[in-house]
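Colleague:
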Amino acid sequence: MNLPKKRKRLLLSQKQNLIGWMFLMPAVVLIIVFMFYPIVQALITSIQSGSGVKIKWVGMKNYQRMFEDKKLWTAVKNTLIYAVWQVPIMLGLALVLAAILNNKKIKFKAVFRTLLFLPCTMSLVAYAIIFKLMFATNGIVNDLLIKSGILGKGFNFLGDAWGAKFVLILSLIWRWTGYNMIFYVTGLTNIDYALFEAAQIDGASSGQCFRHITIPMLKPVILLTVIMATNGNLQLFDETFNLTAGGPGNATISISQYIYEVAFKSVPNFGYSCAIGFSLMIVIAMLVLVQMKAGDTSD
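In our numbering, the protein residues as written are 5 to 303.
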């Protein structure tokens with residue numbers, strides 16, 4: 005008598021699994037077609053050279069070439085400089101702003117959050133043009149510096165190697181601080197505000213509350229934003245392409261911009277560009293694993 009019931013339950017679970025897979029299949033197919041297939045194709049292309057019908061297999065030569073490519077190493081150095089400066093400053097500012105806006109005494113918090121989040125919704129091209137105009141030799145920044153007596157004449161920020169790097173880092177901080185702040189604000193809403201009130205009653209200052217409550221409680225969110233920000237820096241393209249075009253010279257060129265130039269400018273070399281891109285993907289994956297291990301609190 006129990007067998008038919010078991011069969012019915014089995015059939016019901018099978019139907020549920022089948023329906024679940026039917027809903028998942030469109031997403032699975034899209035992921036395979038637009039993510040995994042390009043990765044495999046890039047790996048195959050990275051051991052090839054030429055284009056069209058003149059493709060030949062070159063093995064690891066494209067990967068060996070990377071170690072001798074001075075322009076690539078310039079791009080790597082530039083990208084690391086952006087990551088070392090921009091990521092800590094941006095995430096530090098985002099964390100401080102989130103902690104301030106978490107204070108119940110502050111009014112119009114929603115307005116401030118919206119205003120701080122707005123830069124990341126702005127068009128990449130539009131905000132690059134705005135920064136280019138602001139930091140031009142006759143732009144508003146130079147005008148303010150001259151009027152305040154800091155400079156005697158306009159400084160060519162975008163024509164100077166470190167000046168252009170400074171403008172790029174500043175533009176990245178301006179654009180993405182509010183975006184990361186939202187993650188921290190969301191994380192703070194899950195922390196019982198009574199913890200802060202209890203600490204303040206015991207005599208803890210705002211700085212002590214921030215250091216001993218906010219940061220430890222937000223550790224998983226901080227790890228997430230560090231991983232996202234680092235990966236974003238390693239794949240930086242739009243800002244360098246639109247704001248400085250990699251100049252002056254190659255002083256601000258990023259890895260992604262160099263991949264684009266190798267693939268589509270002068271003599272296209274898809275094999276070499278795919279080798280660089282595939283190597284970058286491996287580096288990003290390794291960094292993510294290291295960051296996740298470093299932030300693991302399960303032990």
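Positions of the beta carbon are idealized from the N, C-alpha and C atoms, including for glycine.
What you are looking at is a predicted structure, and each value in this text was computed from that prediction instead of being measured.
So, under 8 Å CB-CB, VAL62 and GLY275 are touching, yes? Tell me the CB distance rounded to an integer number of Å.
Modeller: Looking up residue 62 in the sequence shown gives position 58. Looking up residue 275 in the sequence shown gives position 271. Rounded, the Cβ-Cβ distance is 7 Å, consistent with contact.
Colleague: At the level of alpha carbons, what is the spacing between ASN194 and ILE226?
Modeller: Counting from 1 along the sequence shown, the entry for residue 194 is found at position 190. Counting from 1 along the sequence shown, the entry for residue 226 is found at position 222. Straight-line Cα distance between these residues: approximately 14 Å.
Colleague: Confirm, please, whether the CB-CB distance from LEU199 to ILE217 is below 8 Å.
Modeller: Here residue 217 refers to the residue found at position 213 when the sequence shown is read from its first residue. Here residue 199 refers to the residue found at position 195 when the sequence shown is read from its first residue. Yes, the pair counts as a contact, with Cβ atoms nearer than the cut-off.
Colleague: Should the stretch 167-182 be regarded as contacting the stretch 244-258, the criterion being three or more beta carbon pairs within less than 8 Å?
Modeller: Contact between the stretch 167-182 and the stretch 244-258 is present, because at least three Cβ pairs lie under 8 Å.
Colleague: Classify SER53 as helix, strand or coil using the three-state DSSP reduction.
Modeller: Along the sequence shown, one-based indexing puts residue 53 at 49. Correct three-state label for SER53: strand.
Colleague: Tell me, please, which residues DSSP counts as bridged to LYS60.
Modeller: In the sequence shown, counting from the first residue as 1, residue 60 sits at position 56. Beta-bridge pairing links LYS60 to SER53.
Colleague: For VAL145, does the count of other Cβ atoms within 10 angstroms reach 16, so buried, or fall short, so exposed?
Modeller: For the purposes of this step, residue 145 is taken as the residue at position 141 of the sequence shown. VAL145 is buried by the Cβ-count criterion.
Colleague: For PHE116, which residues from the same chain have a beta carbon less than 7 Å from its beta carbon, with the 5 sequence-adjacent residues on both sides left out?
Modeller: Within the sequence shown, the letter at position 112 stands for residue 116. Only LEU105 meet the Cβ criterion.
Colleague: Under 8 Å by Cβ, that's how I've got MET94 and TRP25 pegged, so tell me the actual separation to the nearest angstrom.
Modeller: Taking the sequence shown and counting its residues from 1, the one referred to as residue 94 is at position 90. Taking the sequence shown and counting its residues from 1, the one referred to as residue 25 is at position 21. No, MET94 and TRP25 are not in contact; Cβ-Cβ is about 41 Å, not under 8 Å.
Colleague: Just how far apart, CA to CA, sit ILE286 and ASN273?
Modeller: Along the sequence shown, one-based indexing puts residue 286 at 282. Along the sequence shown, one-based indexing puts residue 273 at 269. Spanning the two alpha carbons is a distance of roughly 20 Å.
Colleague: Should ASN107 be labelled buried (16 or more other beta-carbon atoms within 10 Å of its own) or exposed?
Modeller: Here residue 107 corresponds to residue number 103 of the sequence shown, with the count starting at 1. Exposed is the call here.
Colleague: Quick test of your reading: GLN52 and ILE59, contact by CB under 8 Å. State the CB separation rounded to the nearest angstrom.
Modeller: What you label residue 52 is simply residue 48 of the sequence shown in a count that begins at 1. What you label residue 59 is simply residue 55 of the sequence shown in a count that begins at 1. Contact holds; Cβ gap of about 5 Å.
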